[in-house]
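What follows is a short report on a single structure.
Residue numbers (the working numbering), protein chains in the order written: chain A, 77 to 436; chain B, 77 to 436.
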């Protein structure tokens, strides 16, 4: 059975001090109200990575279902930052199999209420070995080591990595739904605060609140409720663990797409180094991919870097942005002739990766 | 496609101060090693309700996958106490649809390291309206109101509810994997500490650590890897919100099983009152069901009350116990001629319920 994205909405990534997580989730769904009243979803999948700690709330999926007045199975999927892609995988499976005609996937996260010191602690709970977190290690330290090893391997200057935030801020400046809607000079990037040498502030992603909703449906529902459905060609999931030298999870997750030739990508750029390593796995010349950003249509949203990083909701944002690009309704910088897009949803350091291929 | 439970294992519900959540999860899976080496699962679903707070860990599913050396999609499902049933629903769907031939479902939770005062705070995060939790209300207060309303409606004495813990402790006394393996007199129950009047300590469930693993497979894998596979007749999921007078979620979830006539039940007895309300929905005479426990084959495990309550892992335990009963390998009190069993997995107050029907 063919599977489609037949609707997408997203809130500007921002700091919504006056709203709770469920408020944001409901707001993102309300933009799909016309479609939902035509076809009630059979299931709700909520992608949320950190709500138990940040919101002090469990069973958010059931609460969302009740808040929406939809008495359907509702499940929260938590795979940290990869929650979004994991939720899309779950919904895709349910529709592909015929168990659901229509699945409402909602990604929602609130990170904007907290100072970095606290958030570093929360995000560090991702770390692959639980003792790392308990010893006070944070993911930024791992990313800094990845960066050092990469610089050595490809004999690269520190300046190389500034290309990513430079391009992301340029993209975000055109995206009204981005958190950091301003261009930044390379000098500013290179002189920003050191987080964990050689990683600087502009090499990290911009945490904030967000909610995004997409409808994943079978063909019949897609034709009935959407003028411009976008096909999901497939979803591939890889668990390969953290590796400091290579993104094995991404390599495995994109293997089935060798012949797919996407016109654009939305990738999970936790850090500048992560972006470089993902682009390498996507077929760019290794160690040079950030020099070819002008020729690549990647993260026109502005990425985690500048569109902003709403935790476990990110993968849902990425698919929503892919849908908006392909349907020609994205409000920011438009991909040229966007027939095929590839989304890479990941956790912070790439232990888990999910690839989602979209086509017109 | 028909779906089977083709293997089950569970650890004694207990306080494992020396082991982490992943240790317990791995230990429960290791009992299925022979089957897993014959047929690698296509997916891992981890049921865990509270790990972000109790273990300070996210992405536990990916970590479990890595710990097991299984590079397959791994997803954590969190629906608070209903996580177990939700994980079974997800795995059942994946196998039913043909997407997975074999799904490894693991339920794991650690609640035993903490004093009640802290756990009440954690479990209160389930409450339907987030303001309840923030106002300091805990679920026991809701259960006490349910109990009062029920006593008034059916003109019942407080003594009525002592029947449930009395029977559960009798059952658990025969179950080597139960936490509270001792019988208790009705007088002890009725004079135990008041938690929230009229709810007393023995009316609540016994929180502790636990891990359970089940294999959910298609028929081909079931026949290949298991001598005595148990069929899953279906899984039904209902989200109806918290209701003080009726368990609407259970009513909806059991509706499709009116003709099923189970020989035994494993139900989510968060409180004595919850057990009474569930039994009413299962067709017992309303307001009298706890007086017929001698005629009912319900919670031969000892239930949450006395087998113990390992949070979001509970639903996986229940299905494992159903499998062991039907295959005649349960180590405690045996059901007579156990051809059909019905599991009710729920969250604490019954906002969400999942029914899982098993048959020989």
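Just so it is clear, CB atoms sit at the ideal spot from N, CA and C, and this is done for glycine as well.
Closest in C-alpha terms to residue 436/B, from the list 175/B, 425/B and 404/B, comes 404/B.
With respect to chain A, the C-beta atom of residue 173/B has a partner C-beta closer than 9 Å. Around the beta carbon of residue 341/A, 16 or more other beta carbons sit within 10 angstroms, so the residue counts as buried.
Using a 10 angstroms sphere on the CB of residue 320/B, the tally of other CB atoms stays under 16, which defines it as exposed. The C-beta distance from residue 151/B to residue 155/A rounds to 6 Å, short enough to fall under 8 Å.
For residue 350/B, none of the residues of chain A pass the 7 Å Cβ criterion, the least Cβ distance being about 16 Å. Straight-line measurement puts the Cα of residue 125/A at about 11 Å from the Cα of residue 161/A. Each residue's CA atom was taken as its position, placing residue 84/A and residue 259/B some 56 Å apart. Among the residues facing chain A, residue 151/B is included, as its CB has a counterpart in that chain under 9 Å away. Counting along the chain, the unbroken alpha helix (DSSP H) around residue 326/A starts and ends at 324 to 330.
Residues of the segment 303 to 318 of chain A that bring their beta carbon within less than 8 Å of a beta carbon in chain B comprise 313, 314, 315, 316 and 317, in sequence order. As DSSP reads the structure, residue 340/B sits in a beta bridge with 417/B.
The beta-bridge partner set that DSSP reports for residue 434/A consists of 308/A and 417/A. For the pair residue 241/B and residue 265/B, the CB atoms are nearer than the 9 Å cut-off.
Chain B places no beta carbon closer than 9 Å to that of residue 395/A, leaving this residue out of the contacts. In this model, residue 325/B and residue 375/B are separated by some 20 Å (Cα to Cα). Classified as exposed, residue 212/B has fewer than 16 neighbouring CB atoms from the shown chains inside 10 Å of its CB.
Residues of the segment 124 to 147 of chain A with a C-beta atom less than 7 Å from some C-beta of chain B are 125, 126, 128, 129, 132, 133, 134, 135, 137, 138, 139, 141, 142 and 147, listed in chain order.
The count of Cβ pairs closer than 8 Å, one atom from the segment 191 to 198 of chain A and one from the segment 292 to 302 of chain A, stays below three, leaving the stretches out of contact. For residue 154/A, the closest Cβ of chain B is nearer than 9 Å. Neighbours of residue 202/B in chain A, taken as residues at a C-beta separation under 8 Å, are given in chain order as 134 and 135. When DSSP states are grouped into helix, strand and coil, residue 362/B belongs to the coil group.
Within the segment 275 to 291 of chain B, contact with chain A at the beta-carbon level (separation under 7 Å) is assigned to no residue.
With respect to residue 289/B, residue 86/B sits close: the two C-beta atoms are nearer than 9 Å. Spatial neighbours of residue 236/B in its own chain (CB-CB distance under 7 Å, excluding positions within 5 residues in sequence) are listed in chain order as 366.
Within 10 angstroms of the beta-carbon of residue 239/A lie 16 or more other beta-carbons, which makes it buried. DSSP, read as helix, strand or coil, puts residue 429/B in strand.
Annotated as distal: residue 251/B and residue 428/B, with beta-carbon spacing of 9 Å or more.
With contacts defined by Cβ atoms closer than 9 Å, residue 163/B and residue 391/B form a contacting pair. Residue environment: residue 385/B is assigned as buried (16 or more neighbouring CB atoms within 10 Å of its CB, all protein chains considered). Scanning its chain for C-beta atoms nearer than 7 Å, with the 5 sequence neighbours on each side dropped, one finds around residue 165/B the residues 311, 313 and 430, in chain order.
Neighbours of residue 428/A across chain B, judged by C-beta separation under 9 Å: 135, 137, 138, 141, 149 and 150.
By the criterion of a C-beta distance shorter than 6 Å, residue 88/B is surrounded in its chain by 253, once the five residues flanking it on both sides are discounted.
Along the segment 394 to 423 of chain A, the positions whose C-beta sits under 8 Å from a C-beta of chain B are 423, read in chain order. The CB of residue 169/B comes closer than 8 Å to the CB of 169, 170, 173 and 175 in chain A, given here in chain order. For residue 295/B, the three-state secondary structure derived from DSSP is helix.
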